[in-house]
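For the sequence shown, the positions run -22 to -1, 1 to 648 when mature numbering (1 follows the signal peptide of the UniProt record, and there is no 0) is used. For every residue, glycine included, the Cβ atom is placed at its ideal position computed from N, Cα and C. If you're wondering where the values come from, they're calculated on a predicted model, not measured in any experiment.
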Amino acid sequence: MSASALIASLLTVLTLTSTSLGVTIYGQLPLGQTQTEGPWATTTALAAYNDTRLIPPAVPNPAINRNFAVQLQRDAAQVPGLSLPHVGPSFYGFSIEMSVITQVLGKNSSFIQVPFLNLMANLQERAGGVLVRLGGNTQEFATMVEPDDHRIEPGHTFGKTLSGSTQTTLTPAVLYTRDMFYMANNISSMVNVKWFLGIPFNDSTNWRTAIAEEGQSILGDHLLGLQAANEPDFYVTFGRRVAPYEPADYKREVGELIKHLETRPMITNPRILVGPSTSGQVWHAEQVFETGFLDDYKDYLYAVSVEHYPNNNCIAMYGDPHSPDAVIPQELFPYYLNHNNVVELASHYTANANTAATYNKPFIMFEMNTGSCGGFAGISDTYTAALWALDYGFQMASQNTTHALLHVGGQSVFYNPFTAPPSNQTEFNEWTLGPVYYSALVMAEAFGKSNTSQIIDLRANENNQNTPVYGIFERGQLSKVALFNYIDDPSGANDLRVALTVNGGVPASVSVKYLEGISVNEKNNITWAGQTFGNKLTVDGRLRGTLNVTTIPCDQGQNVCTIPLRAPSFALVFFSTSDEALSISQSPTTFSTSAYQRKHNTITWDRQAVQTSNGHVAGELKAKLGSTSFGFLNIPSGAAPSLSGRGGPVPLFVQGLLGTMAGLVLGSVL
């Protein structure tokens, strides 16, 4: 058949099929979603998209000092109590529950979630890299299987089955294939992510160390550490050990694991273990240390770790929400807006961090967030959480915690730093960003890439619980100051004016980046230096808007820079105009996709532009003949189509089809 004949035949087929035309109605909300705040706003019953708004705590009475001074030293040598220098990538990393890896990372090594890459790239731009742990409760029953295992969907890397666990969160057993490691390695080839994996500890008689063997073989230097047990102090409670099971028993089992690892030929480095990862609810890390854990195993440890949440929502999430023992979020709300609570929380681990330092080991808060069992509606998913995670992060850093990993669950939790849409909504929804991701971003800028940052809580304003202030020193010099205003007051009566003075003189001006939300109960419209990632179900991992850095002139004669701070807000004050973080906006490294989910390419589009172009808004369909619906041409019945179409341009996928067919035929003719 000639090229012209084949094209004519194709056009005839298209003409015949065009008699069954359809329309795309823009503005039609997906089934199960309700428009509440704007033309594309949605709400669902899933915790990750919950619309609960709590009542902000009352303003302080009597009023606080709103105009206070902070005396600063220029030289770090003149400041007692500074933290050790913070070395390595972003202070905040992420702990991803193994059961949700498919949602967060991708379904296999060839199908990687682009928003995740973009979010990691933004942290890399500011701090040089990110730490990510794949683990959690689900690591204890995780088992590697072959790709053709019937429990794994074709084309997928992960599956789930019943674990028999009796713990609160009804943890499933995760099944994974070798492709999980290639997925992680492919991610690390694009963004500087370093990984932690967890060795299953549910059976210490028959060790399953495939995750360590394949991890080291495939990930190489991208694998930093292997967790030896996840919250072992809960093992009796969760039915994984028979009582009595004490710190000495755990220590013995770690020794047995080390002996086993040394017999495995694929284990090239058994000296990257992470432990003891206690929760602090049953045992404390000190009790494990007392068994000789650090003295005996220091050469086998990459880092010392603990895990801790300040509160738990387990009864409400997995038991009876009407139980008198269930936490009431409204009553708990003020806890997260009080600096004294942050200090008390971090102080539980000051001795642990300092002990780790004496052994020259990093001290990592290996899993944390606003509350265990998913966090709290109206707290974990609001601007409050962003402020709290910043305060807690700075406080941990000031007490020599090296890194902290924010936990990531599925759509059934409130506290996620980021959440992919449910799999049945990926055709029309994007990701949702949690407020604590902004905290990670700000911390990354505050610490930078110098590996010299030292932090101190300045206990300003007579150590007022509403107005914490931190000093940040780099290369031995004052670099930045972090200012908080926890008070929620739209009247302006509790806005602050903070007078910063420096021993040795202030610069001519300082630069300020603000993290802002209109209220502590705000879930949307959170901005960092004027930019945002977008509201729920609209996030692709890239910042939007124009970077807004505020320049504030200083009075060098009076040696003072006065920083305004609305109620509520956070400010990061830069003392050097050459600080590279001032110009950092959206990372220049971004990722796009050519992958398809279901029938459609996963690339996004501007809804307003689409609904006013080829297709039409509901109510404007009268006398319209065309369509942009998938599978339909914009051609009236009986008309011969052309590449431009008579009712508007032919959809691009059809143009591509025609062009490809013509190219193939002409190529064969020529």
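Leu365 and His238 have their alpha carbons spaced roughly 44 Å apart. Shown here, Met374 sits in a helix according to DSSP, grouped into three states. One thing to note: Asn96 has its Cβ within 8 Å of the Cβ of Asp518.
The DSSP-derived three-state label of Gly523 is coil. Annotation for Gln51: the continuous beta strand (DSSP E) segment containing it runs 45 to 51.
Assignment of Ala367 by DSSP, reduced to helix, strand and coil, places it in the helix class.
As the crow flies, the alpha-carbon of Ala190 is around 43 Å from that of Pro312.
Taking Leu543 as the centre and dropping the five residues before and after it, the same chain places the C-beta of Leu461, Asn463, Asp473, Leu474, Val476, Ala549 closer than 7 Å to its C-beta, in chain order. Thr183 sits exposed, since fewer than 16 C-beta atoms from the chains shown fall within 10 Å of its C-beta.
The three-state secondary structure of Lys458, taken from DSSP, is strand.
One alpha carbon belongs to Arg52, the other to Tyr448, and they sit about 14 Å apart. Where Ala422 is concerned, the enclosing alpha helix (DSSP H) starts and stops at 413 to 425.
The Cβ atoms of Val551 and Ile562 lie no closer than 8 Å to each other. In the DSSP secondary-structure assignment, Cys351 is not bridged to any residue. Between Asn28 and Phe511 the beta-carbon gap is near 19 Å, outside 8 Å, which marks them as no contact. By alpha-carbon distance to Tyr492, the top candidate from His326, Val538, Asn441, Leu560 is Leu560. Judged by DSSP secondary structure, Lys237 falls within the alpha helix (DSSP H) whose first and last residues are 225 to 239. Under the 10 Å beta carbon count, Arg31 is surrounded by fewer than 16 other beta carbons and is classified as exposed. Separation of Met168 and Arg437 (C-alpha to C-alpha, rounded to the nearest whole angstrom) is 41 Å.
Linking Ser431 to Lys85 through their CA atoms gives a straight-line distance of about 38 Å. Cβ-Cβ distances below 7 Å link Asp126 to nothing in the same chain once the five nearest sequence neighbours on each side are left out. The alpha-carbon separation between Trp409 and Tyr296 amounts to approximately 25 Å. Look at His262 here: in three-state DSSP terms it is coil, with no helix or strand label. Residue state for Pro340 is assigned as coil, using DSSP reduced to three classes. In the DSSP annotation of this structure, His381 is not part of any alpha helix (DSSP H); the continuous beta strand (DSSP E) holding it starts and ends at 381 to 386. Note: Phe451 is bridge-paired with Gln432, Leu456 in the DSSP secondary-structure output. In this chain, the beta strand (DSSP E) harbouring Arg111 covers 108 to 113. In the DSSP assignment, Ser565 is bridged to no other residue. Beta-bridge partners of His64 (DSSP): Ser431. When beta bridges are read from the DSSP output, Leu543 appears opposite Leu474. The C-beta distance from Ile196 to Phe159 rounds to 4 Å, short enough to meet the 8 Å contact threshold. Listed as beta-bridge partners of Asn290 by DSSP are Ser350. Only exposed fits Gln536, as fewer than 16 other CB atoms lie within 10 angstroms of its CB. Secondary structure at Tyr492: strand, using DSSP grouped into helix, strand and coil. Looking at the backbone, the Cα of Trp185 and that of Pro178 are separated by about 8 Å.
Residue burial is scored here from C-beta neighbours: Ser556 has fewer than 16 other C-beta atoms within 10 angstroms and is therefore classed as exposed.
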